[in-house]
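Shown next, in structure tokens, is the structure this report addresses.
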Amino acid sequence: MATNIEILKKVSWRDPSGFVAKKNGRIFRAVSTQKVDDVETLINAPWYRQGVADGWFPQSEWVAGRVESVTDTAPLRWLEHRAVDFPCYPHEITALQLYDAAKMTLQIARTALAHGWIIKDASAWNILFEHGKPRFCDILSFERMDESGVWIAYAQFCRHFLIPLLLYRHTGMQTSALFVQYRDGVQPEQARRIIGGWRAYVQPALEAVTLPTFFGGMGQSRTSGGASAPKARSAELAMFLLARTLKRLEKHVDALKPAASAKPSKWENYEADRDHYSAPDVVVKTAFVRAAVDRPDIATVLDLGCNAGEFSKVAANAGKTVVAADYDHGALSRLYQQLRDVALPISPILLDIGRPTPAVGWMNQEVDSFMARAAGKFDCIMALGLVHHLLVSERASLPMILEFFLSLAPRFLVLEWIEPQDRRFAEIAGINEELYAGMSIDSFERVFCEKYTIEKKQPLVAGNRTLYFLEKKN
Numbered sequence: 005m006a007t008n009i010e011i012l013k014k015v016s017w018r019d020p021s022g023f024v025a026k027k028n029g030r031i032f033r034a035v036s037t038q039k040v041d042d043v044e045t046l047i048n049a050p051w052y053r054q055g056v057a058d059g060w061f062p063q064s065e066w067v068a069g070r071v072e073s074v075t076d077t078a079p080l081r082w083l084e085h086r087a088v089d090f091p092c093y094p095h096e097i098t099a100l101q102l103y104d105a106a107k108m109t110l111q112i113a114r115t116a117l118a119h120g121w122i123i124k125d126a127s128a129w130n131i132l133f134e135h136g137k138p139r140f141c142d143i144l145s146f147e148r149m150d151e152s153g154v155w156i157a158y159a160q161f162c163r164h165f166l167i168p169l170l171l172y173r174h175t176g177m178q179t180s181a182l183f184v185q186y187r188d189g190v191q192p193e194q195a196r197r198i199i200g201g202w203r204a205y206v207q208p209a210l211e212a213v214t215l216p217t218f219f220g221g222m223g224q225s226r227t228s229g230g231a232s233a234p235k236a237r238s239a240e241l242a243m244f245l246l247a248r249t250l251k252r253l254e255k256h257v258d259a260l261k262p263a264a265s266a267k268p269s270k271w272e273n274y275e276a277d278r279d280h281y282s283a284p285d286v287v288v289k290t291a292f293v294r295a296a297v298d299r300p301d302i303a304t305v306l307d308l309g310c311n312a313g314e315f316s317k318v319a320a321n322a323g324k325t326v327v328a329a330d331y332d333h334g335a336l337s338r339l340y341q342q343l344r345d346v347a348l349p350i351s352p353i354l355l356d357i358g359r360p361t362p363a364v365g366w367m368n369q370e371v372d373s374f375m376a377r378a379a380g381k382f383d384c385i386m387a388l389g390l391v392h393h394l395l396v397s398e399r400a401s402l403p404m405i406l407e408f409f410l411s412l413a414p415r416f417l418v419l420e421w422i423e424p425q426d427r428r429f430a431e432i433a434g435i436n437e438e439l440y441a442g443m444s445i446d447s448f449e450r451v452f453c454e455k456y457t458i459e460k461k462q463p464l465v466a467g468n469r470t471l472y473f474l475e476k477k478n
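First residue of the sequence shown? That's 5 in our numbering, and the numbers climb one at a time after it.
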């Protein structure tokens with residue numbers, strides 16, 4: 005049965021050999037007839053099929069039938085890809101994740117090269133993160149290797165990976181913020197204004213930033229594999245030159261691997277440093293969360309303000325698929341580091357709840373906002389130790405916070421109410437402490453019980469803190 009393109013939503017269209025569209029959570033890719041034979045060969049190649057098995061690439065299958073393009077100018081064939089479960093994009097991942105995306109891009113390029121292929125695009129947007137693992141999601145990037153010995157994606161790789169990682173290394177600038185502003189990565193000229201002094205003349209800044217800036221147009225030609233790059237005269241020499249380029253880039257990327265901070269962030273060591281929970285309270289809280297989510301009508305969980313993922317892991321170990329969100333780069337990096345070594349269905353996402361990830365791209369339609377992607381996606385939302393932060397840092401009222409949760413449409417909530425008299429609440433409220441003096445647990449219950457039923461309530465021994473498991477009213 006043919007797929008009707010008129011009811012699909014285009015989300016990618018820059019590649020002339022095809023585009024991506026989605027419908028009801030399914031992902032389709034239109035492939036121009038000129039590219040069909042190459043794609044057919046590729047998806048049946050043993051090395052590519054092994055990449056699918058290893059999680060490098062999503063499973064892809066041809067859709068039966070043919071359809072015409074939107075402009076009715078070129079016939080297309082359609083692939084359906086396995087949809088990545090709540091993908092995380094470059095503008096909402098940590099620097100360590102971007103590093104792993106760079107490593108995967110080069111690893112795929114090397115593997116493809118060994119089999120006579122090369123990737124023409126090295127965009128960070130081609131790597132989507134799912135359950136803490138990178139997936140390469142642009143099958144049309146693969147092309148047959150020519151005999152030039154030049155990697156056409158070289159300059160793009162520098163803009164999307166090397167330069168953002170350089171800026172993170174030298175300035176602490178979060179790579180995620182760069183991709184909100186710069187869809188196609190950071191230009192060398194922009195980076196050169198930031199990276200100054202001797203650091204600009206040390207590799208990899210010398211190659212990725214300083215030389216392209218110094219030589220101007222010649223530098224751009226050089227970094228894109230243009231006239232100043234050596235030209236091969238045979239397939240063997242071309243493969244040698246490409247392999248040498250990829251090896252040099254991998255050395256540069258390895259030099260920029262984000263290291264653990266000498267001074268941990270505020271929430272990175274929260275589990276070890278907290279002094280406002282007694283050991284019995286931690287046991288009670290963990291048991292409460294486990295019992296709340298361990299039910300058959302909860303399959304997906306969003307953990308807002310997850311810190312380093314303590315309770316995300318509780319939910320994941322109960323068999324739930326979890327998206328773990330926090331704005332603290334250090335804490336989320338620690339969670340991601342753990343997920344690199346342990347297979348758990350947790351997707352970390354760098355997210356400021358007060359300023360959720362916006363929609364980006366052409367007419368804001370290439371990547372949906374976090375709120376749009378999350379609405380209706382989760383059976384349960386956990387927000388432990390978060391509500392009081394929203395009250396203070398965002399000056400959001402309890403009705404506004406309720407409205408926020410309702411907009412995401414979860415059936416269940418696991419929340420923690422912290423009284424204004426609590427020491428930590430008073431610390432973050434500071435000179436505005438009096439603004440919350442009239443707020444109480446009764447205020448919280450009165451607002452939230454308009455839309456939710458209290459299924460379970462658990463005061464903690466230390467006082468001033470109460471856990472809630474809520475179910476939405478019909």
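Even glycine gets a Cβ: it sits at the ideal position worked out from N, Cα and C. Quick caveat, the model's predicted, so the values are computed rather than measured.
Put residue i into one of helix, strand or coil per three-state DSSP.
| i | result |
| --- | --- |
| Lys107 | helix |
| Leu474 | strand |
| Cys384 | strand |
| Arg18 | coil |
| Asp446 | helix |
| Tyr456 | strand |
| Asp345 | helix |
| Cys310 | coil |
| Glu134 | strand |
| Thr304 | strand |
| Val451 | helix |
| Lys261 | coil |
| Gln101 | helix |
| Thr7 | In this predicted model, Thr7 has a pLDDT of only 47, less than 50, meaning its place in the structure is not dependable enough to derive any value. |
Taking 7 Å as the threshold (C-beta atoms), are residue j and residue i in contact?
| i | j | result |
| --- | --- | --- |
| Leu32 | Glu65 | Rather than Leu, the amino acid found at residue 32 in this sequence is Phe. Cβ atoms of Phe32 and Glu65: not closer than 7 Å. |
| Val396 | Ile432 | yes |
| Leu419 | Ala387 | yes |
| Ala329 | Ile353 | yes |
| Phe165 | Ala247 | no |
| Tyr103 | Lys255 | no |
| Leu250 | Leu110 | yes |
| Arg163 | Val184 | no |
| Leu339 | Gly309 | no |
| Ala326 | Val297 | Reading off the sequence shown, one finds Val at residue 326, where the question assumed Ala. Their beta carbons are not under 7 Å apart, which means Val326 does not touch Val297 by this criterion. |
Along the chain, where does the alpha helix (DSSP H) that runs through residue i open and close?
| i | result |
| --- | --- |
| Ile167 | 167–175 |
| Lys124 | Here Lys124 belongs to no alpha helix (DSSP H), and DSSP marks it neither H nor E. |
| Thr352 | The identity of residue 352 in the sequence shown is Pro, whereas the question assumes Thr. No alpha helix (DSSP H) contains Pro352, which is instead part of the beta strand (DSSP E) from 350–354. |
| Val213 | Taken as a continuous stretch (DSSP letters only), Val213 belongs to no alpha helix (DSSP H), as it is neither H nor E. |
| Ser180 | 179–185 |
| Trp51 | 50–57 |
| Val287 | 283–297 |
| Phe161 | 158–161 |
| Pro414 | First-last for Pro414: undefined, no H or E at that position. |
Taking 6 Å as the cut-off, is the C-beta of residue i nearer than that to any heavy atom in the ligand ZN?
| i | result |
| --- | --- |
| Trp60 | In the structure shown, the ligand ZN is absent, as is every other ligand, since no ligand is present at all. |
Over what stretch of residues does the beta strand (DSSP E) that includes residue i continue unbroken?
| i | result |
| --- | --- |
| Arg399 | Unbroken run through Arg399: none, as it is neither H nor E. |
| Ala329 | 325–330 |
| Val35 | 30–36 |
| Arg148 | 146–148 |
Identify every residue that forms a DSSP beta bridge with residue i.
| i | result |
| --- | --- |
| Pro463 | Thr470 |
| Leu419 | Ala387, Tyr472 |
| His85 | Ile31, Ser64 |
| Phe140 | Ile131 |
| Phe23 | Ala34 |
| Val364 | Val371 |
- Task: Tell me, please, whether the stretch 397–415 touches the stretch 332–348 by the rule of three or more beta-carbon pairs shorter than 8 Å.
- Result: Contact fails: fewer than three Cβ-Cβ distances are below 8 Å.
- Item | Inter-stretch contact at 8 Å, needing at least 3 Cβ pairs: the stretch 452–464 / the stretch 427–442 | Not touching, per the Cβ criterion.
- Query: Does the stretch 195–203 touch the stretch 125–132, meaning 3 or more C-beta pairs lie closer than 8 Å?
  - Reply: Fewer than three pairs of CB atoms, one per stretch, sit closer than 8 Å, so the stretch 125–132 makes no contact with the stretch 195–203.
- Query: Any chance the stretch 136–148 sits against the stretch 167–179, with 3 or more Cβ pairs inside 8 Å?
  - Reply: No, the stretch 136–148 does not touch the stretch 167–179.
- Could you say if the stretch 23–30 and the stretch 95–102 meet the contact criterion of at least three C-beta pairs nearer than 8 Å? Verdict: no, contact absent.
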